[in-house]
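**Student:**
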Amino acid sequence: MDSRLIVIDSKNKTVRQLKIDCDTMAEVTVLDMLGNPVGTTQMQISLAHGFGDGREESCGYARDAVSRLLQGESIDFYRAQSGGLRQLYGPQVLQILLKVWKVRLLQKVL
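Residues in the sequence shown are numbered consecutively from 1, following the numbering used here.
Below you can see the structure in the form of structure tokens.
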């Protein structure tokens, strides 16, 4: 699933989106057999989430891969969602839910 990076500039009151294709090649942290990080390697950015515990740790590896892709820019906030939401609710409802979430996030920041 592709990702969207939302850049919020509260000073200038602007919001921009950057779509990150799941096939984008990036430096991804890899783990040894015991689950310890042993370095990074170039692979599809979507594989970054496959390392770790499948929850917060995996999200951290994905966040770090995006940060490296953007030359060290920090990712202040991230949200993971199950791919099953799209199947459960359908794409139109999911888009509406995401729009509502974005509006709430913007209201808090701006």
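Idealized CB from N, CA, C, for every residue including glycine.
Within the chosen definition, does the segment 52-62 reach the segment 6-17 through at least 3 CB pairs nearer than 8 Å?
**Tutor:** Result no; under three Cβ-Cβ pairs closer than 8 Å.
**Student:** To which residues of the same chain is L47 closer than 8 Å at the C-beta, ignoring the five residues directly before and after it?
**Tutor:** Correct list, in chain order: V28.
**Student:** Count the other C-beta atoms from every protein chain shown that fall within 10 angstroms of the C-beta of V38, then say buried if there are 16 or more, exposed otherwise.
**Tutor:** Looking at its Cβ environment, which holds fewer than 16 other Cβ atoms inside 10 Å, V38 is exposed.
**Student:** Tell me, which residues are paired with A26 by DSSP?
**Tutor:** In DSSP, A26 forms a bridge with M43.
**Student:** Can you tell which of R79, I8 and H49 has its C-alpha closest to the C-alpha of A65?
**Tutor:** Checking every option, the nearest Cα to that of A65 belongs to H49.
**Student:** Going by C-alpha to C-alpha distance, which of L34, I20, G60 and M25 sits closest to W42?
**Tutor:** First, the residue type needs correcting, since residue 42 is Gln and not Trp in the sequence shown. The residue with the shortest Cα to Cα distance from Q42 is M25.
**Student:** Buried or exposed: Y78, going by 16 or more other Cβ atoms within 10 Å of its Cβ?
**Tutor:** By the neighbour-count rule (16 or more Cβ atoms within 10 Å), Y78 is not buried but exposed.
**Student:** What would DSSP say about D9, mapped onto helix, strand or coil?
**Tutor:** Note: D9 maps to strand in three-state DSSP.
**Student:** How big is the Cα-Cα spacing for Y61 and I75?
**Tutor:** Between Y61 and I75, the C-alpha separation is close to 12 Å.
**Student:** For the alpha helix (DSSP H) containing L69, name the first residue and the last one.
**Tutor:** L69 -> alpha helix (DSSP H) spans E56 to L69.
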